[in-house]
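Chains F and B, in that order, are what the protein sequence lines are.
Counted the way UniProt numbering counts, the first sequence spans residues 1 to 152.
Counted the way UniProt numbering counts, the second sequence spans residues 1 to 113.
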Amino acid sequence: MFATKRLGKELSKMQSGLPNGIELIKADDFKEWLLDIRVVDANPIYQGEVYRIKFMFSPNYPIEAPEVVFVQDESHPIPYHPHIYSNGIICLDLLDRTGWSPVHNVESVCISLQSMLTGNTKKERPPGDENFVRSNTQRPRDINFVFHDPHV
Amino acid sequence: MKVTIKEWNAVAAWRWDMPDDDVCGICRNPYDSTCSKCKFPGDECPLLLGECNHSFHMHCIFSWLRQESAQEKCPMCRQPFKSKSQEAASSPRTQTQTQTQTPINNNARRTPS
């Protein structure tokens, strides 16, 4: 109930316009949405690539944070970033239980992810990526991230 | 000529004393509307103003503050969320709200002729 009304509002606002480099791909229900983002600035790491983001909402959104991951297919790679694992899981405080606030929304999360990429200068994966990706069976919400990098 | 009023209907409008186009940051409904769970605006679904001057529908901010992860912080500024007057926390009507508030009922009162 909470989520449906709020997401309905977000959807109609997004359908009437989104910031440059953010595109709504699929929002058929109020459980799972797909959006594409591009880095608009001339950051060589992300030139010419489009990334697909999946949002998953609980019925209690926006009181509870959405689960947000990058998804990979033939035309959408997982962006290189020291806080993005190669399976698409994102380590960003505002997506975590401790950093989420209900005044955030889908658009603001996309803008945050876009700027997280824009400001990045290292074409690398998080330390321990291989191990994490091989062994991780958890959903993002069940992972306890430790946030240590204030320069994102 | 004498006119005798036999019946009259009073119609009153009300609104919270808040900026016109503002919405609750949590549910994104206008302040004058309700939270996502209520049907009738007004006393049933009041606003709560924090010491930080951020306001929300009372039900919205309460469902946020009930979350452990909220750490009792304002969703806007992350300062500890305290209701501006203690009275407001226990009773939904705050001073500023009651001043601007008149009954919601459209055909409010019928005086007998």
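Note that the Cβ used here is the ideal one computed from N, Cα and C, for glycine as well.
Task: Contacts of threonine 98 of chain F in chain B (Cβ-Cβ under 9 Å) - done: Within chain B, the residues near threonine 98 of chain F are Ser69, Gln71.
Open item on the list: Using 7 Å as the threshold, is the C-beta distance between lysine 5 of chain F and serine 36 of chain B below it?
Closed with: Using a Cβ distance threshold of 7 Å, lysine 5 of chain F and serine 36 of chain B count as a contacting pair.
Task: Runs of alpha helix (DSSP H) wholly within the UniProt domain "UBC core" (2-152) of chain F (minimum 4 residues, chain order) - done: Counting whole runs of 4 or more residues, the UniProt domain "UBC core" (2-152) of chain F contains the alpha helix (DSSP H) stretches 2-15, 106-118, 129-135.
- [ ] Whole angstroms is fine: what's the gap from proline 19 of chain F's alpha carbon to valine 23 of chain B's?
- [x] Distance from the CA of proline 19 of chain F to the CA of valine 23 of chain B, rounded to the nearest whole angstrom, comes to 21 Å.
- [ ] Can you pull the chain B residues whose beta carbon is under 7 Å from the beta carbon of proline 62 of chain F, in chain order?
- [x] Ile26, listed in chain order.
Task: Between the CA atoms of glycine 119 of chain F and cysteine 38 of chain B - distance to the nearest angstrom - done: Spanning the two alpha carbons is a distance of roughly 42 Å.
Task: CA-to-CA distance, asparagine 105 of chain F to glutamate 10 of chain F, given in whole angstroms - done: In this structure, the CA atom of glutamate 10 of chain F is about 8 Å from the CA atom of asparagine 105 of chain F.
TODO: With a cut-off of 8 Å on the beta carbons, I'd call glutamate 53 of chain F and leucine 113 of chain F a contact; round off their distance for me.
DONE: First, the residue type needs correcting, since residue 53 of chain F is isoleucine and not glutamate in the sequence shown. The C-beta distance from isoleucine 53 of chain F to leucine 113 of chain F rounds to 7 Å, short enough to fall under 8 Å.
TODO: Counting only the same chain and skipping the five closest in sequence on each side, list residues whose C-beta sits under 6 Å from that of glutamine 72 of chain F.
DONE: Hits under 6 Å: Ile78.
Open item on the list: Taking 7 Å as the threshold (C-beta atoms), are glycine 17 of chain F and arginine 38 of chain F in contact?
Closed with: No, Cβ-Cβ distance for arginine 38 of chain F and glycine 17 of chain F is not below 7 Å.
TODO: Count the other CB atoms, across all protein chains shown, that sit within 10 Å of the CB of asparagine 55 of chain B; report buried if there are 16 or more and exposed otherwise.
DONE: It is serine, not asparagine, that sits at residue 55 of chain B in the sequence shown. Burial call: buried.
Task: serine 115 of chain F versus glutamate 44 of chain B - alpha carbon distance - done: Their backbone Cα atoms lie some 41 Å apart in a straight line.
TODO: Report the neighbours of serine 36 of chain B on chain F: residues whose CB is nearer than 7 Å to its CB, in chain order.
DONE: Within 7 Å Cβ-Cβ: Met1, Phe2, Lys5, Arg6.
TODO: Output yes if chain F places a C-beta closer than 7 Å to the C-beta of serine 83 of chain B; else output no.
DONE: Chain F, which has no Cβ nearer than 7 Å to the Cβ of serine 83 of chain B, makes this no.
Open item on the list: Within the continuous beta strand (DSSP E) that includes histidine 57 of chain B, where are the two ends?
Closed with: Under the DSSP assignment, histidine 57 of chain B falls in the beta strand (DSSP E) whose first and last residues are 55-57.
Open item on the list: Using DSSP's beta-bridge definition, name the partner residues of cysteine 45 of chain B.
Closed with: For cysteine 45 of chain B, which the question treats as bridged, DSSP gives the partners B/Gly42.
Task: Neighbourhood of phenylalanine 2 of chain F by C-beta, 8 Å cutoff - its chain only, sequence neighbours within 5 removed - done: In the same chain as phenylalanine 2 of chain F, and ignoring 5 residues on each side of it, the C-beta atoms closer than 8 Å to its own belong to Pro59, Asn60, Tyr61, Pro62, Ile63, in chain order.
TODO: Between the Cα of valine 146 of chain F and those of F/Phe57, F/Ile90, F/Lys122, spot the shortest distance and give me the residue it belongs to.
DONE: With distances taken between Cα atoms, valine 146 of chain F lies closest to F/Ile90.
Task: Nearest neighbour of isoleucine 143 of chain F, chosen from F/Phe57, F/Glu67, F/Ser108, F/His151 [CA to CA] - done: Looking at the Cα atoms, F/Glu67 is the closest of the given residues.
TODO: Determine which residues of the stretch 111-135 of chain F have a Cβ less than 9 Å from any Cβ of chain B, and write them out in chain order.
DONE: Taken residue by residue, none of the stretch 111-135 of chain F has a beta-carbon sitting less than 9 Å from a beta-carbon on chain B.
Open item on the list: I'd like to check one pair, valine 50 of chain F with aspartate 41 of chain F: are the Cβ atoms closer than 7 Å?
Closed with: Between aspartate 41 of chain F and valine 50 of chain F, the C-beta gap is not smaller than 7 Å, which leaves the two residues out of contact.
TODO: Use the C-beta contact count for arginine 28 of chain B: other C-beta atoms within 10 angstroms, 16 or more gives buried, fewer gives exposed.
DONE: Buried, since its Cβ has 16 or more Cβ neighbours within 10 Å.
Open item on the list: Considering only DSSP beta bridges, list what glycine 50 of chain B is partnered with.
Closed with: Beta-bridge pairing links glycine 50 of chain B to B/Ser83.
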